[in-house]
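**Q**
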Amino acid sequence: MDFSSLIDQIGEHTANGLTKGAIYALVALGYTLVYGVLRLINFAHSEVFMVGTWAVLGVYTVLGATGGSGVGLVILATALAALAAVVASASTALIVERVAYRPLRKKNAPPLIFLITAIGCSLVLVELFGHVFRVFFGPPFGRALVSIPSLIDTEVWLDLGKTSITNMQIIVVVGAVVMMVALDTFVNKTRLGRGVRAVAQDPDTAALMGVNQDRVIMLVFILGGAMAGVAAILYTMNYDITKFDIGFLIGVKAFTAAVLGGIGNLRGALVGGLLLGVVEVYSSTLFSSNWEDVTAFVVLILVLMFRPTGILGESLGKARA
Amino acid sequence: MLLQLEDVVLAYGKIEALHGLTIDVEEGEVVALIGANGAGKTSTMRAVSGVRGIQSGRIIFQGEDVTKLRADQRVRKGLSLAPEGRGIFPGMTVVENLDMGAYTRRDKPEVGKDFDRVFDLFPRLNERRKQIAGTMSGGEQQMLAIGRALMARPKLLLLDEPSMGLAPMLIQQIFTIITEIAEQGTTILVVEQNAKQALSRADRAYVLETGRIVKTGTGADLLDDPSIREAYLGVA
Ligand SMILES: Nc1ncnc2c1ncn2[C@@H]1O[C@H](COP(=O)(O)OP(=O)(O)OP(=O)(O)O)[C@@H](O)[C@H]1O
Ligand SMILES: [Mg+2]
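See below:
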């Protein structure tokens, strides 16, 4: 137990935790949106994130952007990579919905079948990048860790004595919060958002209002996918890596964050994500990094013992009740 | 003819709830559907609104076969249902619920007029615009459900037991409002267990027994019918 190190560097650790947590929170939104509307845990969502990270690498490679590139190219490459990640992730999410889930819904399949299908989709996507693409296109596809060029150097933007906050940390946290606010506003204030909430609350009655359920479901997958795409560009900018199975652990953590905050609740995803990130970093300082993942789940179990519905605990539909 | 049901059969799994129903509603009419618990009144409303598909028969609305259309598509054609047990969105405010009623509409100024009209019919809703619907009283929720159905500006308004669970005073009031809506030009098909009120307000009525129409006639005729009086009005 290394209390002194934790206390001494509390600002630094908190900043690291919030950065990690912001990524979890963005990915958690996808779980929460889909769960809110379909009561389905979309286990393929971790791969929706993973595909986004590869899209970033793809754009950098095509443009030949590296750490030494000029300012113009860096800005262009970053913007295009962000766009590509969002499009790739949203498309992946949409394809999974159209190809796998919708046919099952039309057949009124039981929940267990959806769950198995979700896990199946996840495996297919992982193997696509870990094996199939390698066979056809060679490296960097495959099972090795791949580094992604770091276009923007990490600099200290805020020096608060013991704590120094980097540009990357600020970009990640601010980027995540802005996306969350935008999504929250969309869901709560717009006509389409109201349709999403209506389907989440009561699909039959929503249909009686003229809401096309399939379109709402597609929208929800696209929105969740887009958020995972944003998470992917922020993640790669900060950590400079990807891998065929990079989605797994982040997906599990993001799902944990969603449950922690109250699955189905958008603001809960933010709270759960940030909390989880901070707890992880604190515990890895306090004990050792091996304890990081364990602590995350201990926290989850403790919260759920006392508050089974999560911290904020309402559904997407009742988010304002 | 605004609405025609031709030999509609609706089943839940193996249990058939409607055994070949034929019902017509003319433009401008108020038509009541009465019957005991479990007779199939709600099932009829589900068939017409499209919440449930039917096994055989046809549903024709404004001369168009809508049998194969989903519920949300039928709303766009001009059908609007205030479902049994209200079915409001409990987590949304009164205004948001009403907005949901106008979900398919793009004519903003006209939607504004319908807001005024609904608040005119139900002053109670006007006082509670920002209230979360789930926290309102049963009667208020019923008003909201009817108001919300009106926000679609339907050609045919379907009401499933609008008086359910309401105090006698409020039942009177709801039926007066229904009559008012009809006078403003909306055709209405209303399901009721409160046969006396329904028959005295309706132009015509159908009597449903275990999934079959057993009688039909004008509201006044059925009110005078001895067998109806005995079975549904509690008069020997
Ligand atoms: N979802 C369902 N699944 C199975 N059976 C159903 C379902 N809904 C209704 N039924 C059955 O269909 C029959 C007709 O039911 P319905 O709800 O249409 O009656 P109702 O006339 O509306 O009755 P009430 O006056 O009680 O509302 C009943 O026997 C009922 O048990
Ligand atoms: Mg009923």
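Order-wise, the sequence lines are chains H and C.
Residue numbers for the first sequence follow my numbering, beginning at 48 and rising by one.
Residue numbers for the second sequence follow my numbering, beginning at -4 and rising by one.
From the three backbone atoms N, C-alpha and C, an ideal C-beta is built for every residue, glycine too.
Using only the heavy atoms of ligand 2, determine whether one of them is closer than 7 Å to the beta carbon of Glu79/C.
**A** yes
**Q** Closer than 7 Å: is that where the CB of Thr39/C sits relative to any heavy atom of ligand 2?
**A** no
**Q** Against Ala245/H, what residues of chain C qualify as contacts under a CB-to-CB distance less than 7 Å, listed in chain order?
**A** Phe84, Met95
**Q** Which residue from Leu139/C, Asp67/C, Gln68/C puts its Cα closest to that of Asn92/C?
**A** Leu139/C
**Q** Does any heavy atom of ligand 1 sit closer than 7 Å to the C-beta of Gln188/C?
**A** yes
**Q** For chain C, check one thing: does any of its Cβ atoms lie closer than 8 Å to the Cβ of Ala366/H?
**A** Per-residue confidence for Ala366/H stands at a pLDDT of 45, beneath the threshold of 50, marking its modelled position as unreliable; the derived number appears in the next sentence. Yes, contact with chain C.
**Q** Does the region 233 to 252 of chain H touch the region 93 to 112 of chain H, meaning 3 or more C-beta pairs lie closer than 8 Å?
**A** no
**Q** What three-state label does DSSP hand Lys150/C in the structure shown?
**A** DSSP, read as helix, strand or coil, puts Lys150/C in coil.
**Q** Measuring only from the beta carbon, is Ile10/C closer than 7 Å to any heavy atom that is part of ligand 1?
**A** yes
**Q** Apart from the five residues on each side of it in sequence, which residues of its chain come closer than 7 Å, Cβ to Cβ, to Val318/H?
**A** Excluding residues within five positions, the ones whose Cβ falls inside 7 Å are Gly308, Ile358, Leu359.
**Q** Among the candidates Val89/C, Asp115/C, Ser44/C, Glu79/C, whose CA atom is the shortest distance from the CA of Leu0/C?
**A** The shortest Cα separation from Leu0/C among Val89/C, Asp115/C, Ser44/C, Glu79/C belongs to Ser44/C.
**Q** With DSSP as the reference, please indicate the residues paired to Gln137/C in a beta bridge.
**A** According to DSSP, Gln137/C bridges with nothing at all.
**Q** When DSSP labels each residue in this structure, what does Gly212/C get in the three-state scheme?
**A** Assignment of Gly212/C by DSSP, reduced to helix, strand and coil, places it in the strand class.
**Q** Go through its chain and collect everything with a Cβ distance to Ser222/C's Cβ below 6 Å, but skip five positions before and after it.
**A** Answer for Ser222/C: no residue qualifies.
**Q** Which residues in the same chain have their Cβ closer than 7 Å to the Cβ of Trp204/H, if we skip the five residues on either side of it in sequence?
**A** Ile212, Thr213, Asn214, Ile217
**Q** Are the CB atoms of Val95/H and Val267/H within a distance shorter than 8 Å?
**A** no
**Q** Can you confirm whether the region 173 to 182 of chain C touches the region 12 to 19 of chain C when touching is taken to mean that 3 or more C-beta pairs between the two stretches lie within less than 8 Å?
**A** no
**Q** Ala191/H: buried (16+ other C-beta within 10 angstroms of its C-beta) or exposed?
**A** exposed
**Q** With a threshold of 8 Å between beta-carbons, can Asp249/H be considered close to chain C, or not?
**A** yes
**Q** Look at the Cβ atom of Lys67/C, then the Cβ atom of Asn259/H, and state whether they are nearer than 8 Å.
**A** In the sequence on display, residue 67/C carries Asp and not Lys. Cβ atoms of Asp67/C and Asn259/H: closer than 8 Å.
**Q** Please confirm whether any heavy atom of ligand 2 lies closer than 7 Å to the CB of Asp155/C.
**A** yes
**Q** Heavy atom of ligand 1 less than 7 Å from the Cβ of Asn155/H, yes or no?
**A** no
**Q** Residues in the same chain with beta-carbon distance under 6 Å from Leu150/C, minus the five sequence neighbours each way, listed in chain order, please.
**A** Residue identity check: residue 150/C is Lys in the sequence provided, not Leu. Excluding positions up to five away in sequence, the list reads Gly73.
**Q** Ligand 2 heavy atoms versus the CB of Lys36/C: any closer than 7 Å?
**A** yes
**Q** Which bits of chain H does Thr99/C rub up against, with CB to CB less than 7 Å?
**A** Gly257
**Q** Going along the chain, which residues of its own chain have a beta-carbon closer than 7 Å to the beta-carbon of Ile54/C, five neighbours each way excluded?
**A** Leu0, Val3, Ala42, Val43, Val61, Thr62
**Q** Contact criterion: CB-CB distance below 8 Å. Does Pro78/C meet it with respect to chain H?
**A** Answer yes: the Cβ-Cβ gap between Pro78/C and chain H drops below 8 Å somewhere.
**Q** Taking Cβ positions only, does Ala254/H come closer than 8 Å to chain C?
**A** yes
**Q** Suppose you measure from the CA of Val277/H to the CA of Val133/H; what does that come to, to the nearest Å?
**A** 6 Å
**Q** Tell me whether Gly30/C is buried or exposed, calling it buried when 16 or more other Cβ atoms sit within 10 Å of its Cβ.
**A** buried
**Q** Whose Cβ in chain C lies nearer than 7 Å to the Cβ of Arg241/H?
**A** Glu91, Asp94, Met95
**Q** Quick one: is the Cβ of Tyr286/H within less than 7 Å of any heavy atom of ligand 1?
**A** Relative to ligand 1, Tyr286/H has its C-beta separated by 7 Å or more from all heavy atoms.
**Q** Where do the ends of the alpha helix (DSSP H) carrying Glu174/H lie?
**A** 158 to 174
**Q** So Ser116/H is in the alpha helix (DSSP H); what residue range does that whole segment cover?
**A** Segment: none, Ser116/H is in no alpha helix (DSSP H) and carries neither H nor E.
**Q** Given that a residue counts as buried once 16 or more other Cβ atoms are within 10 Å of its Cβ, and exposed if not, what is Tyr78/H?
**A** buried
**Q** When DSSP builds the beta bridges, which residues end up paired with Ala6/C?
**A** Answer is Glu11/C, bridged to Ala6/C.
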